[in-house]
Amino acid sequence: MLSLLALMIPVFLAVGLELEKGVKKITAEEELRSEAGAFTADVREDIQRGRNFRLSPEGWLLFDLPSGETVRYKQHRRRVIRSVRPPGHTAFRGTTVLVHHVYFISFEPRRDGVGIELGMQNWHGDYDRKFFVGGRLTE
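For our numbering, add 1421 to where a residue sits in the sequence shown, where the first one is 1.
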């Protein structure tokens, strides 16, 4: 009986460990999905008001708002940062961190909006998402 118990303890521990890893992975991926959803909503609000979508030489997204401000989205240290350049100024001001855990972001500016590919990763999970946000059309 004791030998059976000695054999079952490692099995129970292994099953418990696998269950814990699975729960951590599901929780981590859900956290990333939630962050990506909030990021998408923030970006959508900005881009739908914008026009003249373009990339900087570094690959950062630039576009203009009706107020004359220029908005910049860039990736820095696994974060996507939003900065604004007021009309008539040469430097961007302010730093708003829109999302963390970003290992990859790609912007594809088009005449009618911006395609975005987002890759996120934390300790236990990863999440990738592609989406398109339409902007203002000015003829």
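Yeah, the Cβ is synthetic: ideal placement off N, Cα and C, and Gly gets one too.
Supposed close pair residue i, residue j - CB separation, criterion 8 Å
i, j, result
"E1450", "G1546", "4 Å"
"R1465", "Y1548", "At roughly 18 Å, the Cβ-Cβ gap does not stay under 8 Å, so R1465 and Y1548 are not in contact."
Reduced DSSP category for residue i - H, G, I as helix; E, B as strand; rest coil
i, result
"P1507", "coil"
"E1456", "helix"
"E1450", "helix"
"R1498", "coil"
"S1424", "helix"
"G1564", "As displayed, the chain neither begins before 1422 nor continues past 1560, which places residue 1564 out of reach and without an answer."
Chain-order list of residues whose beta-carbon lies under 6 Å from that of residue i (same chain, five-residue window excluded)
i, result
"L1482", "Y1494, F1528"
"S1477", "L1483"
Beta-carbon spacing of residue i, residue j below 8 Å
i, j, result
"F1460", "F1474", "no"
"V1518", "I1502", "yes"
Cβ-based neighbour list, residue i, same chain, cut-off 7 Å, excluding 5 preceding and 5 following
i, result
"D1467", "V1492"
"K1446", "H1545, G1546"
Cβ neighbours of residue i in the same chain (closer than 8 Å, five flanking residues each side left out)
i, result
"G1471", "F1484, D1485, L1486, V1492, G1556, R1557"
"E1456", "V1520, H1521, H1522, M1541"
Which residues DSSP lists as bridging residue i, in chain order
i, result
"H1521", "R1500"
"R1472", "D1485"
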